[in-house]
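These notes are about the structure you will find just below.
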Amino acid sequence: MEHSQKIGGREFFSIIVLAIGTKITSMTPAILAQSGKNAFWMMPFAGALTLLAPFLLLLYLLRTYQNKNLMDLIYHLLGKWVGGLVGVVLFLVAFVSLVLESRNYLDELSSIFFPQSPQYALYTVLFIVILFGARKGLNVIASTSWILTPFIKVIALILLVLVLKDVVWMRVFPIWGEGMMVTVIEGVKKASIFGDLFLLTMAYTSLKSTKTFHRTTYIGGAFTLFELTLFFLMYSLFFDYKSIDQVAYPFHEVTQYISVGMYFTNVEAFFMIFWLFAAFIRFIFILPHGFLQLFFQSHHSNLC
Numbered sequence: 197m198e199h200s201q202k203i204g205g206r207e208f209f210s211i212i213v214l215a216i217g218t219k220i221t222s223m224t225p226a227i228l229a230q231s232g233k234n235a236f237w238m239m240p241f242a243g244a245l246t247l248l249a250p251f252l253l254l255l256y257l258l259r260t261y262q263n264k265n266l267m268d269l270i271y272h273l274l275g276k277w278v279g280g281l282v283g284v285v286l287f288l289v290a291f292v293s294l295v296l297e298s299r300n301y302l303d304e305l306s307s308i309f310f311p312q313s314p315q316y317a318l319y320t321v322l323f324i325v326i327l328f329g330a331r332k333g334l335n336v337i338a339s340t341s342w343i344l345t346p347f348i349k350v351i352a353l354i355l356l357v358l359v360l361k362d363v364v365w366m367r368v369f370p371i372w373g374e375g376m377m378v379t380v381i382e383g384v385k386k387a388s389i390f391g392d393l394f395l396l397t398m399a400y401t402s403l404k405s406t407k408t409f410h411r412t413t414y415i416g417g418a419f420t421l422f423e424l425t426l427f428f429l430m431y432s433l434f435f436d437y438k439s440i441d442q443v444a445y446p447f448h449e450v451t452q453y454i455s456v457g458m459y460f461t462n463v464e465a466f467f468m469i470f471w472l473f474a475a476f477i478r479f480i481f482i483l484p485h486g487f488l489q490l491f492f493q494s495h496h497s498n499l500c
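Using our numbering, read the sequence shown as starting at 197 and increasing by one per residue.
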C-alpha cells in the first residue's frame, strides 16, 4: 500500500473507539450484570488485565516483523497450511461473533424503533450498508470514522450529563456486588469484550508508521476502558440493584427516560442515529477487511 493511501493515527483511534465503544449500547452490560450485579462496571478492568499480556506479546511480534500485519504474521510463523487453518478459524470466530451481535442490534431496532418491520428486511439493509461501505475502501472507512467520532462522543457526553439528575449514588453499594472474587472471575470470563483489539491489528501495515500504530493502540485501548467503565457505572447507578440484570438494552432504556425541555422529549431517536453509524463502521471494517486479508492474503493491500 502506498504511503499516501495509508491512514493516520487519528483515523485509527476513531476506528478503535467505535469498534469497542459500541459495547456500551449493545446487550453487553446486561450480560455482565447477570453475574456482576451492580459491580459489573468493574469487570472491564479484569477483562483488560487478562488480555494485556497476550496483546502486548502480539504487539512485540508485530514490532519485530514491521512489514507484516496479523494475517501476514500468522502465515509467516506457522506456514501456509497451518497459518491458513488458523486464519480460517480466527475469521470464523470473528464472523460468528459479529453475526450474533448483529442479531442483537437488529433485535434492539425491531423491538424499540421498528416493531412492524420484519427481521429479514432489517438484515437486508444492514448487509447492503456493509457492502456499500466495504467497496469504498479502508481510507474512506477511516475518514468517515474520524468525522463521526467527535459527534458520537459529544452525544455520549451529553447523555451522561442529562442522566446525572436521575442516578442514585447509593446504588453503587455493595461495592463488590455478589463478592470480589465473583466480580473478578466473571470479568476474566468476559474478557472478549476487548477482543476487537486483536482483530484491529489486521490494519498494522495500513498505518503511516508502526510507531503511530502502537501509540494509537495504547491511547485507544485506555480510552475505551475508561468509557466502558464510566457508562457501566452510570447504568449501575441508574437502574435498581435487583433490576439491573433484567434490562436487556440499558442504553436505550436510559435514552427513553431523558427529555430536554417541554417540546423535545423523544430524544432516543436522536441518539439512535449516531448509535447506528458507530455500529455500521464496526461491521464494515472487521468483516470485509478480515475476509480480504484471509482469502486474498497476497493482494489485500491493493484490495483495501
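Cβ atoms here follow ideal geometry from the backbone N, Cα and C, with glycine treated the same way.
Could you tell me how far apart the beta carbons of Ile-337 and Ile-480 are, in whole angstroms, since I believe they sit closer than 8 Å?
6 Å
In this structure, does DSSP put Ile-220 in helix, strand or coil?
If DSSP states are grouped into helix, strand and coil, Ile-220 belongs with the helices.
Classify Ile-326 as helix, strand or coil using the three-state DSSP reduction.
helix
Comparing alpha-carbon positions, which option in Val-321, Ala-226, Pro-250 and His-410 lies nearest Pro-446?
Ala-226
To the nearest whole angstrom, what separates the beta carbons of Ser-222 and Asn-300, a pair I think is in contact under 8 Å?
Right, the Cβ-Cβ distance comes to about 6 Å (below 8 Å), so this counts as a contact.
Would you say the stretch 342-351 touches the stretch 203-215, given that touching needs at least three Cβ pairs under 8 Å?
yes
With Lys-361 as the anchor, note down where its alpha helix (DSSP H) starts and where it stops.
Segment: none, Lys-361 is in no alpha helix (DSSP H) and carries neither H nor E.
From His-448 to Ala-330, what does the alpha carbon distance come to, in whole angstroms?
Separation of His-448 and Ala-330 (C-alpha to C-alpha, rounded to the nearest whole angstrom) is 28 Å.
By Cβ distance below 6 Å, which residues in the same chain neighbour Gln-540 in space, the five residues on each side in sequence not counted?
Within the shown structure, residues of the chain are numbered from 197 to 500, placing residue 540 beyond reach of any answer.
CB Glu-154 to CB Met-238, shorter than 8 Å?
Because the chain spans 197 through 500 in this model, residue 154 falls outside it and cannot be assessed.
According to the neighbour-count rule (16 or more other Cβ atoms, all chains shown, within 10 Å of its Cβ), is Gly-232 buried or exposed?
buried
Among all the DSSP beta bridges, which residues are the ones paired with Glu-403?
A small correction: the amino acid at residue 403 is Leu; Glu does not occupy that position in the sequence shown. Residue pairing by DSSP puts Leu-403 in a beta bridge opposite Ile-203.
Check whether the Cβ atoms of Val-368 and Ser-432 sit closer than 8 Å, and answer yes or no.
yes
For the putative contact between Leu-318 and Leu-327, defined by C-beta atoms under 8 Å, what is the C-beta separation to the nearest angstrom?
Incorrect: roughly 15 Å between the Cβ atoms, too far for contact.
Report the residue from Phe-434, Ile-469, Ile-270 and Phe-236 whose alpha carbon sits nearest the alpha carbon of Tyr-453.
It is Phe-434 whose Cα lies nearest to the Cα of Tyr-453.
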